[in-house]
Amino acid sequence: MVDYQTFTKMTKYLSTLVLMLFCIVLNAQTINKSFVVKKITTAIVPDGILDEPIWTDADKADKFWQYFPLDTVQSKKQSEIKMLYDDKNIYIGITIYTAGKDYSIQSLKRDFRAGNSDNITLLFDTFNDGNNAFLFGINPYGVRREGLVSGGGLNLNGFTISWDVKWRGDSKIYDDYYTSEMVIPLTAFKFKEGETKWRFNSYRFDTQSNENSTWMNIPQNQNIYGLTFMGDMIFEQPLGKYRTPLTVIPYVNMGSQKDFELDDSNTKVNVGGDAKIAIGNSMNLDVTINPDFSQVEVDDQITNLTRFEVSLPEKRQFFIDNSDLFGSFGGGRDANPFFSRRIGIAKDTADNTIENKIIGGVRLSGKVTNDLRLGFLNLQTAEDLDENIASNNNTMLALQQNIFGRSNIGMFFINRQTFKDYEFQDAEDRYNRVAGIDYNLISDNNIWNGKFYLHKSFAHNAGKANLSSGAFMQYNSRNWNFFEDLVYIGEDFRSDLGFIRRTDIFKTATMVERVFWPEDSALQSHSFQFFPVLTWSPQNDFLHTDYDLMGAWESKFNDQSEINVSFTHSYTYLFEEFDPTNLDDALPLPGLLGYHYNFVSLEYQSDSRKRFAYSIEPTIGSFFNGDRFSLGAEMFLRFQPKVFLSLAMNYDKISLPQPYSSTDIWLISPKIDVTFSKSIFWSTLVQYSNQRDNLGFNSRLQWRFAPLSDLFIVYNDNYFVNSFEPKYRSINLKLTYWLNI
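Residue numbers for the sequence shown follow full-length UniProt numbering, beginning at 1 and rising by one.
Here you go:
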C-alpha cells in the first residue's frame, strides 16, 4: 500500500507535471510569431522578380496556417514574405506556392475584391493598438489594392478599400508559384517616431487549392482581417522622423448637362482640388476647395418596401481616411449621429435629393499621442436660392482615448448652422447641434465586444425628448454567438448630419446562434439562429409598434457554396397611412392599425471562385394585409482577366386585397467592366427601376496616366420607364493629377 506522504508527493508531482504540460500547450498556442526587418542602403526595383541578392539575407514570415476549410492545420500551399527597409521605403518580397497557373482574377483594375480570386493581403498595425491597420494587397497579375481596417476589424463596417495612396508593385508568374514585389513609402503609413516594431499579419486566398490561409493562426469564428491575432515585424533600427511631401490634387472638370423636365441645359467648367498635409508622423490635414466628386461611381439603386430611408456607403476620397473616427459613434443602423453623405446633398423645392455644392473645407485627423486620436472637420456648403437651400457650415470635433488595452472612450460635438437669415427657412432649422460620449469595448481575445453611448441634440424650440442612447454586447466563441442590442431615440432627437432612421423608439434586438463544425462532411459549418427584434413607442405609452421574430438555418459547404433558410413572423403598427406599392393614386393602407404577416426565405450562393457564379433568394409569404413574392438574384461571368459581367435583379410581386393596389416591382441592373490594361478601364452600368420610374445609363472611361492621376469621361443618361422619354443627360470630362511637392 502507498502511505499518505508518498501519495501526497505523487499527487504534487502529477499536479506539477499536468500544470507544466498545460503551460507548454498554452504557450504553444499563444506564441507570438515575429521576424526581423533589416535595414538596407540599396534600392530595389519592384518588377516582381526576386533577383536582387539582398533578398537572400532577409528574414521571412512563413509557416502559414489554414483558415478555410480547417483552422487547425498548416496551409497545404505555403507563402513566404520577406521585408527590408531604408529611410524612405519598406520593400516586400513575396513567394506564393500554388497548384498551377489556373488563377481566378476578376479584372486588372486596382482595388479588386479579394474573396473570389487569388491574391495575398498584408495588414500593418503601426500603432500596435489592435484597433486600426493599413492594408496592402497584390494578385498574380500584379494588380494592387490598398485599404484601411478600423474598429479592430470586427465587421465589414470597419473595412474599406476606397482609401488611396501612392506605392509600387508587380508580380511574376512561374509554373507552380508566383512572386511579388512591393515598394511602399514610409509616408504611406502613420506611426510613432522611434518605433521598433509593428504588429503584422497576412491572409491569402488560393482558389486552386480551395484554401484560405493566414500567417497567424486565426479561428474561423473570427474575421480573417481581424486585428486580434497578429505577430510582430521588428525593425533592425528604430524608425525615425520623415518628411512627408505636400500632396496637391488639382482637377479640371468640363461638363455639359440637360434637364429635359425643366427644359434647362448648361455647360460649365469647374476648377478645384484637394491638398494633403502631414503633421508629424501621425496626423493628416486634408484641405479641399470647390471639390468635385463626379468620378465616383453612381450609387446602386435598391428596392425599398419600408417606410424609412436607406443608408448608402460613402465613396468620396476626402472623407475616407480615419473615417471611423467620425462615423463610428452611436448605432450604425438606427442612431448614427454623423453620416458624411449628408454633406453636399440637399432637398430641392419638390423634395427631390440634389447635389449641394461644397465651397471648401478642412479635415484634421490622426494620433495626438499613442492612445489619443483627434478628428476635426469643417465644411461650408453653398446656398441655392432658386431651390430654397441655405448655405451651411458643417463642423465636427471628435476625440477617442484608448483604455483597458483595445477599448476606448470617444466624445464628439457636431454643429450644423446657417450664418444668414433666409426667409424660406424656419427658425428651428437655423442650427442643429449634437454632443455625446461612447464607450467601445473590445476584449483582448476578441470574444467580447460592445458599445455604450449617450447623445443629446440641441435645436431652436426643441422638445425635451432629445436623447439618443444605446447598449450593445456581443459574445463570439467557436460554438456559441450571442448579442443584445438596446436602442432608445427620443421623439425630439435630431441630427441633421447623421443617419437616424426613425425617432421615438425603444428597441431591443437579440441574436442567439449555435454553430456546428462537422467532420468528414461536405458541410464546412452550419448554424441555427434565433433573432427577435422588438420596438416600442415611448411617447405613446410604450405602444408595441413593431416586431420581427426570425429563425434561420445557415450552412457553408467545403466548395464555398452556401444555403440559408429563414422564417420570419412580423408585426407592424402604422401610425399614418402607407402605400407599399408606391403607385400614383393608389389607396394607402389605413393608419392606426397593426398588421401581422409571415414569410419564408431561401438563399443559395454558388462557389464564387468559378468563372460563372450566381446567387438566388426567393421569398414568399404574407405582407401587411396581402401577399408578397420576391425573387432576388445575382449572376457573375468572368472572361478573365479583362472582362467582368454582372447582372443583379430584384422582383417583388405585391398582392393586396381590393380596394388597395397590387403591383409588380422590377429592379434590373446589368453591368460590364472592361480593363484593357492596368491603366485603362471602362465600365457601364444600366439600372432599370419601375418603382423609381427611371432607366439610367452610367458609362465611365478612366485612364490612369500616372500614379493616382486620372482622365475620366463620364456619361449619364436617364429616361422615364413607361414613355422612354429622356429625363436627364450629362457628359463630363475630368482631369485629376496627384502631385507630391
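All residues carry an ideal CB built from backbone N, CA and C; glycine is no exception.
Exercise for review: Could you tell me the distance, in whole angstroms, from the CA atom of R700 to the CA atom of F499?
Suggested key: The count along the sequence shown starts at 1 and reaches residue 700 at position 700. The count along the sequence shown starts at 1 and reaches residue 499 at position 499. Answer to the nearest angstrom: the Cα atoms are 30 Å apart.
Practice item. To the nearest angstrom, report how far apart T418 and N732 are at their CA atoms. Key: Here residue 418 is taken as the residue at index 418 of the sequence shown, counted from 1. Here residue 732 is taken as the residue at index 732 of the sequence shown, counted from 1. Computed Cα separation, rounded: 31 Å.
Practice item. Give me the Cα-Cα distance between A133 and D125, rounded to the nearest whole angstrom. Key: Here residue 133 corresponds to residue number 133 of the sequence shown, with the count starting at 1. Here residue 125 corresponds to residue number 125 of the sequence shown, with the count starting at 1. Each residue's Cα considered, the two are about 4 Å apart.
Check your understanding: Hey, is F681 close to the ligand FAD, as in C-beta under 7 Å from one of its heavy atoms?
Key -> Of the ligands one can find in the structure shown there are none, so the ligand FAD has no counterpart to examine.
**Study point:** DSSP-derived helix/strand/coil call for R502
**Key:** The residue you call residue 502 lines up with position 502 of the sequence shown. Of the three classes helix, strand and coil, the one that applies to R502 here is coil, per DSSP.
Practice item. Give the C-beta separation of I442 and M411 to the nearest angstrom, bearing in mind that I take them to be a contact with Cβ-Cβ under 8 Å. Key: The sequence position of residue 442 within the sequence shown is 442, counting from 1. The sequence position of residue 411 within the sequence shown is 411, counting from 1. Contact doesn't hold; Cβ gap of about 18 Å is too wide.
Practice item. Look up V18 in the DSSP assignment and say whether it is helix, strand or coil. Key: Counted from its first residue, the sequence shown places residue 18 at position 18. The pLDDT assigned to V18 is 37, lower than 50, so where the model puts this residue is not dependable, and the model offers no usable value.
Review point. Would E146 pass as a contact of D164 if the rule is Cβ separation under 8 Å?
Key: Looking up residue 146 in the sequence shown gives position 146. Looking up residue 164 in the sequence shown gives position 164. Contact: yes.
Check your understanding: CB Y614 to CB G594, shorter than 8 Å?
Key -> For the purposes of this step, residue 614 is identified with residue 614 of the sequence shown, where counting begins at 1. For the purposes of this step, residue 594 is identified with residue 594 of the sequence shown, where counting begins at 1. One thing to note: Y614 has its Cβ no nearer than 8 Å to the Cβ of G594.
Practice item. Going by CA-CA distance only, name the one from N408, L377, D384 that's closest to N370. Key: As a position in the sequence shown, residue 370 is number 370, starting the count at 1. Among N408, L377, D384, the Cα nearest to that of N370 is on N408.
Review point. How would you label V73, buried or exposed, when you count the other beta carbons within 10 angstroms and need 16 or more for buried?
Key: Sequence index remark: in the sequence shown, residue 73 carries index 73 (1-based). Counting other Cβ atoms within 10 Å of its Cβ, V73 stays below 16 and is therefore classed as exposed.
Check your understanding: Any idea what DSSP makes of P53, helix, strand or coil?
Key -> On the sequence shown, position 53 is the one that residue 53 refers to. The answer is helix: DSSP assigns P53 an H, G or I state.
Point to revise | Helix, strand or coil at G152 according to DSSP, with G and I counted as helix | key: Taking the first residue of the sequence shown as position 1, residue 152 is located at position 152. Correct three-state label for G152: helix.
Check your understanding: Taking only runs of the beta strand (DSSP E) that begin and end inside the stretch 647–731, which ones reach a length of at least 3 residues, in chain order?
Key -> Contiguous beta strand (DSSP E) elements confined to the stretch 647–731 occur at 663–675, 680–689, 694–706, 709–719, taking only those with 3 or more residues.
Check your understanding: Given that a residue counts as buried once 16 or more other Cβ atoms are within 10 Å of its Cβ, and exposed if not, what is S213?
Key -> Here residue 213 refers to the residue found at position 213 of the sequence shown. Burial state of S213 is buried, judged by a 10 Å Cβ sphere holding 16 or more other Cβ atoms.
Check your understanding: Who are the near neighbours of D129 in its chain, counting only those whose CB is closer than 8 Å to its CB and skipping five residues on each side?
Key -> For the purposes of this step, residue 129 is identified with residue 129 of the sequence shown, where counting begins at 1. Residues N370, D371, N402, R406 of the same chain have their beta carbon placed closer than 8 Å to that of D129, with the five preceding and five following residues left out of the count.
Review point. In this structure, what does DSSP give as the bridge partners for N481?
Key: Sequence index remark: in the sequence shown, residue 481 carries index 481 (1-based). Its beta-bridge partners are N476, E513.
Check your understanding: Got a sec, what are the start and stop residues for the alpha helix (DSSP H) G327 sits in?
Key -> Residue mapping note: residue 327 aligns to position 327 of the sequence shown, counting from 1. Here the alpha helix (DSSP H) through G327 covers 323–327.
Exercise for review: Helix, strand or coil for T736, going by three-state DSSP, please let me know.
Suggested key: In the sequence shown, the residue the question calls residue 736 occupies position 736. Residue state, collapsed to three classes: strand.
Check your understanding: Would you report the Cα separation of N27 and K33, rounded to the nearest angstrom?
Key -> Numbered from 1 along the sequence shown, position 27 holds the residue referred to as residue 27. Numbered from 1 along the sequence shown, position 33 holds the residue referred to as residue 33. Since pLDDT at N27 reaches only 37, below the 50 mark, its modelled position is unreliable, and the value read off the structure follows with that caveat. Answer to the nearest angstrom: the Cα atoms are 12 Å apart.
Check your understanding: What did DSSP end up calling R494 once you bin it into helix, strand or coil?
Key -> Locating residue 494 in the sequence shown gives position 494, counting from the first residue. Of the three classes helix, strand and coil, the one that applies to R494 here is coil, per DSSP.
Point to revise | Cut-off 7 Å between Cβ atoms - residues of its own chain near R110, not counting five sequence neighbours on either side | key: Counting from 1 along the sequence shown, the entry for residue 110 is found at position 110. Excluding residues within five positions, the ones whose Cβ falls inside 7 Å are V143, R144, R145.
Review point. Sorted by chain position, which residues of the same chain lie with C-beta nearer than 6 Å to S601's C-beta, five sequence neighbours on each side aside?
Key: Mapped onto the sequence shown, residue 601 falls at position 601. Once the five neighbours on either side are set aside, the close Cβ partners of S601 are S566, T619.
Review point. Hey, quick one: how far does the beta strand (DSSP E) through F363 stretch, first residue to last?
Key: In the sequence shown, residue 363 corresponds to position 363, counting from 1. Per the sequence presented here, residue 363 reads as Arg, with Phe not at that position. Its beta strand (DSSP E) spans residues 358–367.
Point to revise | Residue from F483, D673, I40, N284 with nearest C-alpha to D87 | key: By one-based count along the sequence shown, residue 87 stands at place 87. The alpha carbon of D87 has as its nearest neighbour, out of F483, D673, I40, N284, the alpha carbon of I40.
Review point. To which residues does DSSP link W536 through a beta bridge?
Key: What you label residue 536 is simply residue 536 of the sequence shown in a count that begins at 1. For W536, which the question treats as bridged, DSSP gives the partners F506, H544.
Review point. How about S662 and I654: do their beta carbons lie closer than 8 Å?
Key: Here the question's residue 662 lines up with position 662 in the sequence shown. Here the question's residue 654 lines up with position 654 in the sequence shown. Taking 8 Å as the Cβ cut-off, S662 and I654 qualify as a contacting pair.
Check your understanding: Under the three-state reduction of DSSP, which class applies to Q275: helix, strand or coil?
Key -> As a first step, residue 275 is located in the sequence shown; it is residue number 275 there, counting from the start. Contrary to the premise, residue 275 reads as Ala rather than Gln in this sequence. Per DSSP, reduced to three states, the secondary structure at A275 is strand.
Review point. When DSSP builds the beta bridges, which residues end up paired with N415?
Key: Reading the sequence shown from its first residue, position 415 is the one you call residue 415. In the DSSP secondary-structure assignment, N415 is bridged to T395, R433.
**Study point:** CA-to-CA distance, D321 to F200, given in whole angstroms
**Key:** Here residue 200 refers to the residue found at position 200 of the sequence shown. Here residue 321 refers to the residue found at position 321 of the sequence shown. Going from the Cα of F200 to the Cα of D321 covers about 20 Å.
Check your understanding: With 16 other CB atoms within 10 Å as the buried threshold, where does R628 fall?
Key -> Residue mapping note: residue 628 aligns to position 628 of the sequence shown, counting from 1. Counting of Cβ neighbours within 10 angstroms places R628 among the buried residues, the total reaching 16 or more.
Practice item. Would you list the one or two residues that DSSP bridges to V165? Key: Sequence index remark: in the sequence shown, residue 165 carries index 165 (1-based). V165 pairs with nothing; no bridge assigned.
Review point. Taking the C-alpha atoms as reference points, what is the distance between T42 and F636?
Key: Residue mapping note: residue 42 aligns to position 42 of the sequence shown, counting from 1. Residue mapping note: residue 636 aligns to position 636 of the sequence shown, counting from 1. So the alpha carbons of these two residues sit roughly 45 Å apart.
Review point. Where DSSP assigns a beta bridge to A346, which residues make up the other side?
Key: Here residue 346 is taken as the residue at index 346 of the sequence shown, counted from 1. Looking at the DSSP output, A346 bridges to I354.
Check your understanding: If you draw a straight line from the alpha carbon of I96 to that of Y715, how long is it in whole angstroms?
Key -> Mapped onto the sequence shown, residue 96 falls at position 96. Mapped onto the sequence shown, residue 715 falls at position 715. When only Cα atoms are considered, I96 and Y715 end up about 41 Å apart.
Point to revise | Strand pairing of P140, partner residues [DSSP] | key: Looking up residue 140 in the sequence shown gives position 140. Checking the DSSP bridge columns, you'll see P140 has no partner listed.
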